[in-house]
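Going by this note's numbering, the first residue of the sequence shown is number 222, and it counts up by one from there.
From the three backbone atoms N, C-alpha and C, an ideal C-beta is built for every residue, glycine too.
Computed from a predicted model, the values in this text were never measured in an experiment.
These notes are about the structure you will find just below.
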Amino acid sequence: PQYGGLWPDPKASLEKLNTCLEMDPENALALASRAEVLLKLDKADAAMEDAYAALNLDETLDRAHDALGTAFLMRRLPALAVKSFDKAVGLRPRNAVYLQHRASAYLMLDENELMCRDLLAACGLGDCTGIAWAGDNALCSGLPEKAAADTIRRRPDGK
222 PQYGGLWPDP
232 KASLEKLNTC
242 LEMDPENALA
252 LASRAEVLLK
262 LDKADAAMED
272 AYAALNLDET
282 LDRAHDALGT
292 AFLMRRLPAL
302 AVKSFDKAVG
312 LRPRNAVYLQ
322 HRASAYLMLD
332 ENELMCRDLL
342 AACGLGDCTG
352 IAWAGDNALC
362 SGLPEKAAAD
372 TIRRRPDGK
């Protein structure tokens, strides 16, 4: 999982977030943001610590659940990742990125049907990159064609 355009300069972002947290160490959003930056720097363990700290302060912070799930994926713990992504998706069900991230965990668990379901849902929200990749790799070939076509047809940009 990636954070796309977020944190284009992770080292500079990390410095700014560290400064912010020195002034306000119980800023849950800053902790979740630093967890995301740490993930971009391939520091899964440190990201987990920040995500847990953020969630201890605010368990409804979807970004922290997503960052924790991504850290679990990086540590090759897909079952734990699914649990974290479930919470992120539960808090923001129309977030295609969270669905794509959970699909990655399902792929690691060899749960292709669940992965394809999430990829189709993400496509219905406008991001069809995952389902296109799965289709190119024959991972979602067992899906009913009508369901896939209906989902893709719902994309806002028509692609």
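Annotation for Asp-266: the continuous alpha helix (DSSP H) segment containing it runs 265–278.
Setting aside the 5 residues that flank it on each side, His-322 is surrounded in the same chain by Pro-222, Asp-287, Gly-290, Thr-291 and Phe-306, each with a C-beta closer than 7 Å to its C-beta; the list follows chain order. Taking the C-beta atoms as reference points, Ala-274 is found no nearer than 7 Å to Leu-242. Each residue's CA atom was taken as its position, placing Leu-340 and Leu-320 some 7 Å apart.
Assignment of Leu-360 by DSSP, reduced to helix, strand and coil, places it in the coil class.
Inclusion of Arg-284 and Ala-265 in the CB contact set at 7 Å is not warranted, their separation being larger than that value. Per DSSP, reduced to three states, the secondary structure at Gly-351 is helical.
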